[in-house]
Amino acid sequence: MSALTYSEVGATRLGPLPDGYHHLHHRTRVGRGRADLAAAGAAVTDWRMHRGSGARVRASAARAGAGVQVRVSLGLGPFRFTAPCLVVWAAYESDRIGFGYGTLRGHPERGEESFVVELADDGTVWFTVMA
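Under my numbering, think of the first position of the sequence shown as 206, with each following residue one higher.
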């Protein structure tokens, strides 16, 4: 297994994000209730969300889990770049589903990114990307 290119492993799981990086935090409402949580959580953890954005995904497992290696590619033909990552944590909880992956050698960035779907107390389902 390749080594991660940063030291703050797991920071995207619950925060806070470490200093010295460009931070991204985007949250959007994606539904309501447990059925929407399950559907959105499956789309995130089985790579459909990535593929739906136009990215090519090659992963060592069909579903995100700690230790899964992922190669995400974007672009066309010779203008395609590939970003190798390693899933460093995954959450399959009753109200929270998602994962975080970190950059490996050859990735154009350095750090960690997470994709999480959560069910709020009022029944709203939220999707959050944090990097």
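In this text, a Cβ means the ideal position worked out from N, Cα and C, and glycines have one as well.
Of the residues the options, which one's Cα is nearest the Cα of residue i?
| i | options | result |
| --- | --- | --- |
| Arg256 | Leu242, Gly280 and Tyr226 | Gly280 |
| Thr287 | Val262, Val334, Asp327 and Asp224 | Val262 |
| Val330 | Val235, Glu213 and Gly215 | Val235 |
| Leu324 | Ala295, Gly238 and Ala260 | Gly238 |
| Leu222 | Met254, Asp327, Gly328 and Ser319 | Ser319 |
| Asp300 | Asp224, Tyr226 and Ala240 | Ala240 |
Leaving aside the five residues before and after residue i along the sequence, list all residues of the same chain whose C-beta is less than 6 Å from its C-beta, in chain order.
| i | result |
| --- | --- |
| Arg315 | Thr210, Tyr211 and Thr308 |
| His231 | Val334 |
| Ala269 | Thr250, Val292, Ala295 and Phe304 |
Taking a contact to mean a Cβ-Cβ separation below 8 Å, would you say residue i touches residue j in this structure?
| i | j | result |
| --- | --- | --- |
| Gly303 | Val249 | yes |
| Val337 | Gly272 | As shown, the chain starts at 206 and ends at 336. That puts residue 337 outside it, with no answer to give. |
| Leu242 | Val322 | yes |
Taking 7 Å as the limit between beta carbons, can you name the residues of its chain near residue i, skipping five residues before and five after?
| i | result |
| --- | --- |
| Leu229 | Val334, Met335 and Ala336 |
| Cys290 | Val275, Val277, Tyr306, Gly307, Thr308, Leu309 and His312 |
Please classify residue i as buried or exposed, where buried requires at least 16 other C-beta atoms within 10 Å of its C-beta.
| i | result |
| --- | --- |
| Ala266 | exposed |
| Thr217 | buried |
| Ala295 | buried |
Which residues in the same chain have their Cβ closer than 8 Å to the Cβ of residue i, if we skip the five residues on either side of it in sequence?
| i | result |
| --- | --- |
| Val214 | Val293, Gly307 and Glu317 |
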